Each structure stands twice: as structure tokens, then as C-alpha cells.
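Residue numbers (our numbering), protein chains in the order written: chain D, 11 to 213; chain G, 340 to 508.
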Amino acid sequence: MDAAVAEAHVAALQGEDAHAAEPFRMSAVKFAMWLFLASEVMFFAGLLGSYLVLRFSHANQFSEEALALNWPLATLNTVVLIGSSLTMALAVSAAQAGQAPRTARFLGFTFVLGVVFLVVKAIEYSTKIHHGIVPSMSLFYASYFTMTGCHALHLIGGLVPVTVVGLRALRGRVDGGKVELVGLYWHFVDLVWIFLFPLLYLI
Amino acid sequence: MEGLLGVAFLLVLWLGLFGAALLGLIGTFDVLKRIPRDPVLVLAGFFHSSTEASVPGAPSGGSSGGGAPHEQPAAAERHPHPKYVPIFVALMVLTVVTVLLSRVHVGHLGNALIAVAVALVKGTLVAAFFMHLKFETKHLLWVLLIPVIFGIAYMLGIFPDIGTLGGGH
Numbered sequence: 011m012d013a014a015v016a017e018a019h020v021a022a023l024q025g026e027d028a029h030a031a032e033p034f035r036m037s038a039v040k041f042a043m044w045l046f047l048a049s050e051v052m053f054f055a056g057l058l059g060s061y062l063v064l065r066f067s068h069a070n071q072f073s074e075e076a077l078a079l080n081w082p083l084a085t086l087n088t089v090v091l092i093g094s095s096l097t098m099a100l101a102v103s104a105a106q107a108g109q110a111p112r113t114a115r116f117l118g119f120t121f122v123l124g125v126v127f128l129v130v131k132a133i134e135y136s137t138k139i140h141h142g143i144v145p146s147m148s149l150f151y152a153s154y155f156t157m158t159g160c161h162a163l164h165l166i167g168g169l170v171p172v173t174v175v176g177l178r179a180l181r182g183r184v185d186g187g188k189v190e191l192v193g194l195y196w197h198f199v200d201l202v203w204i205f206l207f208p209l210l211y212l213i
Numbered sequence: 340m341e342g343l344l345g346v347a348f349l350l351v352l353w354l355g356l357f358g359a360a361l362l363g364l365i366g367t368f369d370v371l372k373r374i375p376r377d378p379v380l381v382l383a384g385f386f387h388s389s390t391e392a393s394v395p396g397a398p399s400g401g402s403s404g405g406g407a408p409h410e411q412p413a414a415a416e417r418h419p420h421p422k423y424v425p426i427f428v429a430l431m432v433l434t435v436v437t438v439l440l441s442r443v444h445v446g447h448l449g450n451a452l453i454a455v456a457v458a459l460v461k462g463t464l465v466a467a468f469f470m471h472l473k474f475e476t477k478h479l480l481w482v483l484l485i486p487v488i489f490g491i492a493y494m495l496g497i498f499p500d501i502g503t504l505g506g507g508h
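Next comes the structure, spelled out in C-alpha cells:
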């Protein structure tokens, strides 16, 4: 019986389905990054899910408070963060082509845009707190601060690897695989914001 | 009777969603092929003849055996880089669209659904092209989608209670 299984395996390897026999043909670290991101999907799904449930059980109160949020500032931040994703994607393609200076430049843009996002977020937070709006004020603001706060924490964390690979690229050392991993994480943080932005600020 | 129909509907829905996901994980169901490889080329296809548009979505799909002689022989080892700037522009347009649509009031649920729908389109663009998910092995997609399906399941589980609250509190 084992022989039959092995035979089938060999046949699969030799046949047209060689790709199917070894589906996860990627580096272990890249696969690990994807698994991490899958767990992150669950983390934010829990936050978003509980927010939506709370929201629809307190629909009128929530939308009143949501409309008081600064949506133009959040729209600006959306543009900034998607822009940073663009520069990150360009950095990854430069890194995979082995172009260190170009990689460093685009990682620099990404870093700056990430910082701009955080500065805008800080302005938003401080204005809120200045007006006495803190997480304990209401269910909506507790959700708002938790969700945007967790997202901002992810972004702050992401700045660290961007800085590290960026500085390496600046010294002429560029590893396409590593930059790609950083890019995956960065795009994920962008992706989370794409959902937070309309659900918190626009509805 | 109606309750039974509802249960049957949810069962079919669940089979479709989760069953398809498991099929995808074991590698027999490829939805990625339905996403065009390069949106710009597909858009160009609308303006030129249809023969050119069919080339980028051609069946090559990562298998090295049937690789077409033209363009990208080295693309098997490194992912092809799609044009990022048009994707960025599309994301910007969708951002404006979602802001504008939020000004049109169609009820709490309606506006929420519209917002989620646009966000899903944007998220798909980011994942498929910026994160190269489109060019990755299709199995990876299912590793990511299955948690999302469970997320939807637990939301659906809690929502009926909200219906009884009436949402006006």
C-alpha cells in the first residue's frame, strides 16, 4: 500500500502536476509571514466584527458620534497610506532588481509617508482629547480609539523594519526577499486602514 | 416552514463558501484565474481588438511547462511586477467614490454595506497586486480566506439579536 502511495507521489512529481505536488513553493520565511498575516486578519476581524455589532445595536447614537469625526483628515490619511503602499511596492520591485539606491529612495518615501500618517493621527487624537473626548466617554469612542490605536501600533511597528532594510539599502546591501517581506506587512497595514476608514468615519 | 427554508438557505450558503474554500485549499478550485493578470492590459483590451486582451489572462498560470515563448520566461522564478501606478490611481478613485457615496443616505445598513463593498474592492486590489497574491500559489489565498469566512460566520451569529433590539437605542 505504501508503495502505491509512493508511486502515485512520484507520478505526480513527474507529471504535469509537479506544481500541485509542491504547492507552497516559496521561502519558509515568506510563508511564515503570510501565516502571521492570516492570524492578523483574525485579530482585526474580531475588532471590526465587535464594532459592527455594537454599532448596529446602537445605530443612532453611533452614527451621530461617527459624523463628529474629522473625515477630511481621515481621507487625507487614506491617500497618504495608499501612497506609502505604492512607494513600498516600487521599493520591492527595485530591490528584486538589485537596485540598491532606488530601493533606499522608495523605502525613504514609504517611511516619510508612514510618519505623516502618524502625525495626522496624533493631531486628530490630541484634538479629540483636548475636547474631552476619551475612550471612556462612550461605546463608540472606545471602539474608535481601540481600532485606530491598534492600527497605529501596527504602523509604528512597521516603521522599524522599513528603517532597517532602508538603511541597509543605503549602504548598498539589498535583499529582495527581505524587502518583499517588509512590503507584505506594510501592505497589510494599509489594507486594514482601507476597512477602518469607511466603517469609522463615513457611515 | 419559513424557518426551515432559512436553515436550508444558510446551509447551502455555508457549503458554497466553506466548501469552496476547502476545495481551494486542497487545490482543485482556482478563483485567482478569474482576476485579470494586469488590469491595464484588460482595460486596453476594451479599446483595442479583443484578441490582445485575451493574452495576459492566458492559461500559463505559473506552470513552467506550457510557458508561452513571448515576454516573460524569467517570470517563473520572480513574480512579474504589475504596473503599480494605475492600481494606485484606481485606489484613489475608489477612495473618492466611497466618500461621495457616504453622502448619499440609504439607511444605516445600506450605507454600511456600500462602504464594505467598496472597501472589499480596494482591499482586493491591494492584496492581489501590491501584495502579489494574484501571482502567488493559489493555496495561499485559501489560507487567508478561511479565517475571513469564519469571521463572517460569527458576525452572522450575533446579528439576529440586534434585530430584536431594534437598533434605536
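Where is the CB? At the ideal position from N, CA and C, for every residue including glycine.
Given the structure is predicted, the values throughout are model-derived calculations rather than measurements.
How many angstroms separate the CA atom of residue 189/D from the CA atom of residue 488/G?
Taking the first residue of the first sequence as 1, we reach residue 189/D at position 179. Taking the first residue of the second sequence as 1, we reach residue 488/G at position 149. Looking at the two C-alpha atoms, the distance is approximately 30 Å.
Range of the contiguous alpha helix (DSSP H) that encloses residue 183/D
Sequence index remark: in the first sequence, residue 183/D carries index 173 (1-based). Note, residue 183/D: premise wrong, no alpha helix (DSSP H); not H, not E.
Pair within 8 Å by beta-carbon distance, residue 437/G and residue 454/G:
The residue labelled residue 437/G in the question sits at position 98 within the second sequence. The residue labelled residue 454/G in the question sits at position 115 within the second sequence. Contact: yes.
Residues of chain G with CB closer than 7 Å to the CB of residue 158/D, please, in chain order.
In the first sequence, residue 158/D corresponds to position 148, counting from 1. Going along chain G, no residue has its Cβ under 7 Å from residue 158/D, so there is no contact; the nearest lies around 15 Å.
Would you give the residue range spanned by the alpha helix (DSSP H) that residue 461/G belongs to?
On the second sequence, position 122 is the one that residue 461/G refers to. 447-464 is the extent of the alpha helix (DSSP H) around residue 461/G.
Can you tell which of 50/D, 62/D, 49/D, 55/D has the C-alpha that lies nearest to the C-alpha of residue 499/G?
As a first step, residue 499/G is located in the second sequence; it is residue number 160 there, counting from the start. If we check each option's Cα against that of residue 499/G, 62/D comes out closest.
Under the assumption that residue 112/D contacts residue 99/D (Cβ atoms under 8 Å), give the Cβ distance between them as a whole number of angstroms.
Against the first sequence, residue 112/D aligns to sequence position 102. Against the first sequence, residue 99/D aligns to sequence position 89. 13 Å between Cβ atoms; not a contact.
Using a Cβ-Cβ cut-off of 8 Å, state whether residue 208/D counts as contacting chain G.
Looking up residue 208/D in the first sequence gives position 198. Cβ-Cβ to chain G under 8 Å: yes for residue 208/D.
Just verifying my parser: in three-state terms, what is the DSSP assignment at residue 342/G?
By one-based count along the second sequence, residue 342/G stands at place 3. Residue 342/G falls in the helix class under three-state DSSP.
How many angstroms separate the CA atom of residue 88/D from the CA atom of residue 446/G?
As a position in the first sequence, residue 88/D is number 78, starting the count at 1. As a position in the second sequence, residue 446/G is number 107, starting the count at 1. Answer to the nearest angstrom: the Cα atoms are 24 Å apart.
Taking only beta-carbon positions, decide if residue 59/D is within less than 8 Å of chain G.
Locating residue 59/D in the first sequence gives position 49, counting from the first residue. Cβ-Cβ to chain G under 8 Å: yes for residue 59/D.
At a Cβ threshold of 8 Å, is residue 88/D touching chain G?
Position 78 of the first sequence, counted from the start, is the residue given in the question as residue 88/D. Yes, contact with chain G.
Run of the alpha helix (DSSP H) containing residue 211/D, from where it starts to where it stops
For this step, residue 211/D is matched to residue 201 along the first sequence. Segment: none, residue 211/D is in no alpha helix (DSSP H) and carries neither H nor E.
What do you get for residue 174/D, buried or exposed, if any count of 16 or more other CB atoms within 10 angstroms of its CB means buried?
In the first sequence, the residue the question calls residue 174/D occupies position 164. Exposed is the call here.
Using 10 angstroms around the beta-carbon of residue 35/D, count the other beta-carbons present and answer buried if the total reaches 16, otherwise exposed.
One-based indexing of the first sequence puts residue 35/D at position 25. That one is exposed.
Indicate whether residue 101/D and residue 121/D have their beta-carbon atoms separated by less than 8 Å.
Here residue 101/D is taken as the residue at index 91 of the first sequence, counted from 1. Here residue 121/D is taken as the residue at index 111 of the first sequence, counted from 1. Not closer than 8 Å, so no.
Just to check my reading of the structure: residue 204/D and residue 458/G have Cβ atoms closer than 8 Å, yes? What is that Cβ distance to the nearest angstrom?
The residue you call residue 204/D lines up with position 194 of the first sequence. The residue you call residue 458/G lines up with position 119 of the second sequence. At roughly 5 Å, the Cβ-Cβ gap stays under 8 Å, so residue 204/D and residue 458/G are in contact.
C-alpha distance - residue 163/D paired with residue 360/G, whole-angstrom precision:
Your numbering for residue 163/D matches position 153 in the first sequence. Your numbering for residue 360/G matches position 21 in the second sequence. Rounded to whole angstroms, residue 163/D to residue 360/G spans 31 Å at the Cα level.
Mind the definition here: the region 76-83 of chain D touches the region 349-360 of chain G only if three or more C-beta pairs lie below 8 Å; say whether that holds.
no
Give me the Cα-Cα distance between residue 348/G and residue 53/D, rounded to the nearest whole angstrom.
On the second sequence, residue 348/G is found 9 positions in, with the first residue counted as 1. On the first sequence, residue 53/D is found 43 positions in, with the first residue counted as 1. Their backbone Cα atoms lie some 29 Å apart in a straight line.
CA-CA distance, residue 83/D and residue 344/G?
As a first step, residue 83/D is located in the first sequence; it is residue number 73 there, counting from the start. As a first step, residue 344/G is located in the second sequence; it is residue number 5 there, counting from the start. Each residue's alpha carbon lies about 46 Å from the other.
Can you find a CB in chain D that lies within less than 8 Å of the CB of residue 427/G?
As a first step, residue 427/G must be located in the second sequence, where it is residue number 88. Yes, residue 427/G lies at the interface with chain D (some Cβ there is under 8 Å from its Cβ).
Segment limits, alpha helix (DSSP H) that includes residue 35/D:
The count along the first sequence starts at 1 and reaches residue 35/D at position 25. Run containing residue 35/D: none; DSSP gives neither H nor E here.
Helix or strand or just coil, what does DSSP make of residue 422/G?
Taking the first residue of the second sequence as 1, we reach residue 422/G at position 83. Reduced to three states, the DSSP call for residue 422/G is coil.
Output yes or no for whether 8 Å exceeds the beta carbon distance between residue 193/D and residue 37/D.
Translated into the one-based positions of the first sequence, residue 193/D becomes position 183. Translated into the one-based positions of the first sequence, residue 37/D becomes position 27. No, these two residues do not count as a Cβ contact at 8 Å.
Cβ-based neighbour list, residue 64/D, same chain, cut-off 7 Å, excluding 5 preceding and 5 following:
Within the first sequence, the letter at position 54 stands for residue 64/D. Excluding sequence neighbours, residue 64/D sits near 149, 153.
Return no unless some Cβ of chain D is closer than 8 Å to the Cβ of residue 486/G.
For this step, residue 486/G is matched to residue 147 along the second sequence. At least one chain D Cβ lies under 8 Å of residue 486/G.
Proximal residues, the region 458-469 of chain G versus chain D, C-beta separation under 7 Å:
458, 461, 462, 465, 466, 469
Can you give me the start and stop residues for the alpha helix (DSSP H) that residue 102/D sits inside?
Your numbering for residue 102/D matches position 92 in the first sequence. Taken as a continuous stretch (DSSP letters only), the alpha helix (DSSP H) holding residue 102/D covers 81-106.
Counting only beta-carbon atoms, is residue 199/D nearer than 8 Å to chain G?
The residue given as residue 199/D occupies position 189 in the first sequence. Not one chain G Cβ lies under 8 Å of residue 199/D.
List the endpoints of the continuous alpha helix (DSSP H) containing residue 469/G.
In the second sequence, residue 469/G corresponds to position 130, counting from 1. It is not in any alpha helix (DSSP H) - residue 469/G carries neither H nor E in the DSSP assignment.
Is residue 498/G close to chain D? Criterion is C-beta to C-beta, closer than 8 Å.
Within the second sequence, numbered from 1, the residue matching residue 498/G stands at position 159. Yes, contact with chain D.
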